[in-house]
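Novice: Dumping the structure here so I can ask a few things about it.
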Amino acid sequence: MDDKKTILSGIQPSGALTLGSYLGALVNWAAMSEIYDCYYTIVDMHAITSRQNPAQLRNTALTQLAQYIACGIDPDKNTLFIQSHVPAHAELSWVLSCYTMFGELSRMTQFKDKAAKNADNINAGLFTYPALMAADILLYQADLVPVGSDQKQHIELTRDIAVRFNGIYGDVFNLPEPYIPKVGARIMDLQAPTNKMSKSEIADGGCVLLLDKPEDIMRAFKRAVTDSESSIRYDLANKPGISNLIQIYSACTGKSLDEIECEFEGQGYGVFKAKVGEAVVETLRPIREETLRLLADKSYLRSVYDQGADKASRTANKTLRKVYKKIGFIER
Ligand code: TRP
4 MDDKKTILSG IQPSGALTLG SYLGALVNWA AMSEIYDCYY TIVDMHAITS RQNPAQLRNT
64 ALTQLAQYIA CGIDPDKNTL FIQSHVPAHA ELSWVLSCYT MFGELSRMTQ FKDKAAKNAD
124 NINAGLFTYP ALMAADILLY QADLVPVGSD QKQHIELTRD IAVRFNGIYG DVFNLPEPYI
184 PKVGARIMDL QAPTNKMSKS EIADGGCVLL LDKPEDIMRA FKRAVTDSES SIRYDLANKP
244 GISNLIQIYS ACTGKSLDEI ECEFEGQGYG VFKAKVGEAV VETLRPIREE TLRLLADKSY
304 LRSVYDQGAD KASRTANKTL RKVYKKIGFI ER
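So, in structure tokens, the structure goes:
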């Protein structure tokens, strides 16, 4: 055994991955595999808390796996798996839901948001979603959970559940911490730059998908909403559109915000937007090509998720067995 810290994170296959998913999450995930023991999952069980088209769900999940790899997450150095392939997630989730309070779940802002948006499908899974997420994390005794700031509340609840459980049964679960990256963390919508770039809002052209073609990416950046000034200056409060474009350009080129302000001093928005578009096109080009190549090799992808499920199950089942024993289930 090594003493590397453990990382776990996941993304729902409820829509195509975006530039925001890449710059906000996947780039960092790939970099972490050298230092940490990383588990990255495709949380299809979370995705069905809203209604999914079955063929599309399968396709999105497989594409997501190919994209994890294409973004540099090496399947030999990381554990890449599909949540529903590791039954321990469903099993521990049930147990944890018996140690999670109705009041706690009622206070989750994601639940309140999603319930408001899907008034016709406020199902029990949407409500108990955080218990499944806690299971995802606690099964692997994760130390750190890279997430966007919107998921912090779920990690805090995970800790509360773990503390409660440990308080009754002794040290079973490691207490995880959220790991919220500072740079590139929040890529905003190009049409509504005060909203996070989200896969659920692709219709208006404010969202760039990882598989978008170069000409579509260029068009999205040329149409990006800015402001009525003409200076290329980072000012999040007053110039959210330009600030977002500066962030994106910085993330794609490695240049600092200051360097970018200098580079475009005295230039117009049109020139800048085209430059940002080109930088994004070049960043995404190899990822798109590699994703398409991997998607054509289904047997390879299958070998990756099979191997991932085996590896993940070994760790997860260890924790699950311990939990079952502690709570008094008869050993099989
Ligand atoms: N709830 C997360 C989201 O919507 C996805 C998720 C599910 C997750 N299980 C996880 C993230 C475990 C980190 C760790 O973004």
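Position one of the sequence shown corresponds to residue 4 (my numbering), numbered consecutively onward.
Beta carbons: idealized from backbone N, C-alpha and C, even for Gly.
As the structure is a computational prediction, the values presented were derived from the model and not from experiment.
1. Does the structure place the stretch 72-90 close enough to the stretch 31-51 that three or more beta carbon pairs sit under 8 Å?
2. Please name the residue in S96, D238 and G269 whose C-alpha comes closest to that of A165.
3. Quick one: is C265 buried, meaning 16 or more other Cβ sit within 10 Å of its Cβ, or exposed?
4. Cα-Cα, which of D146, P133, G151 and Y172 is closest to L160?
5. Under the criterion of a Cβ to heavy atom distance below 7 Å, does L108 qualify as lining the ligand TRP?
6. Candidates D79, L22 and I14: which alpha carbon is nearest E37's?
7. What residue range is occupied by the uninterrupted beta strand (DSSP E) comprising L11?
8. With DSSP collapsed to three states, give me the class of P217.
9. Have a look at the DSSP bridge pairing and note the partners of Y42.
10. Confirm, please, whether the CB-CB distance from T52 to P16 is below 8 Å.
11. Return the residue from the list S253, G331, I125 and L304 that minimises the CA-CA distance to A69.
12. Return helix, strand or coil for E281, following the three-state DSSP convention.
13. Measure the beta-carbon distance from L193 to R291 and round it to whole angstroms, keeping in mind my assumption that it falls under 8 Å.
14. Work out the CA separation of T21 and S201 for me, nearest whole Å.
15. Report all residues from its chain with a CB closer than 8 Å to the CB of L129; omit the five preceding and five following residues, and keep chain order.
16. DSSP puts V148 in a beta bridge; with which residues?
17. Hey, how far is the Cα of A145 from the Cα of L178?
18. Given a cut-off of 8 Å, decide if L29 and I190 are closer than it, judged by their beta-carbon atoms.
19. Using a Cβ-Cβ cutoff of less than 6 Å, which residues in the same chain neighbour S100 once the five nearest sequence positions on both sides are dropped?
20. Measuring CA to CA, which of K314, A34, K225 and A299 is closest to D77?
21. First and last residue of the alpha helix (DSSP H) that includes G271?
22. From I249 to N31, what does the alpha carbon distance come to, in whole angstroms?
23. Taking only heavy atoms of the ligand TRP into account, decide whether any of them is closer than 7 Å to the Cβ of D139.
24. Compare the C-alpha of A277 against each of Q310, T322 and R222 and name the closest.
Specialist: Here's the rundown:
1. The stretch 31-51 and the stretch 72-90 touch, with no fewer than 3 CB-CB distances between them shorter than 8 Å.
2. Looking at the Cα atoms, S96 is the closest of the given residues.
3. By the neighbour-count rule (16 or more Cβ atoms within 10 Å), C265 is not buried but exposed.
4. Per the Cα distances, P133.
5. No; taking the cut-off as 7 Å, the Cβ of L108 has no heavy atom of the ligand TRP nearer than that.
6. E37 has its Cα closest to that of D79, out of D79, L22 and I14.
7. Here the beta strand (DSSP E) through L11 covers T9 to I14.
8. Helix.
9. Bridge partners of Y42: L11 and T82.
10. If you check the CB distance, P16 and T52 do not come in under 8 Å.
11. Among S253, G331, I125 and L304, the Cα nearest to that of A69 is on L304.
12. Correct three-state label for E281: helix.
13. Wrong, their Cβ atoms sit about 18 Å apart, outside the cutoff.
14. Per the coordinates, the alpha-carbon of S201 lies some 7 Å from the alpha-carbon of T21.
15. So the qualifying residues of the chain are T52, S53, F114, K117, A118 and N121.
16. Paired residues: P181.
17. Answer to the nearest angstrom: the Cα atoms are 8 Å apart.
18. It is not a contact, given that the beta carbons lie outside the stated cut-off.
19. Once the five neighbours on either side are set aside, the close Cβ partners of S100 are T131 and A134.
20. Sorting K314, A34, K225 and A299 by C-alpha distance to the C-alpha of D77 places A34 at the top.
21. Run containing G271: none; DSSP gives neither H nor E here.
22. Each residue's alpha carbon lies about 19 Å from the other.
23. With a cut-off of 7 Å, the C-beta of D139 is classified as near the ligand TRP, since at least one heavy atom of the ligand falls inside that distance.
24. Measuring from the Cα of A277, the nearest candidate turns out to be R222.
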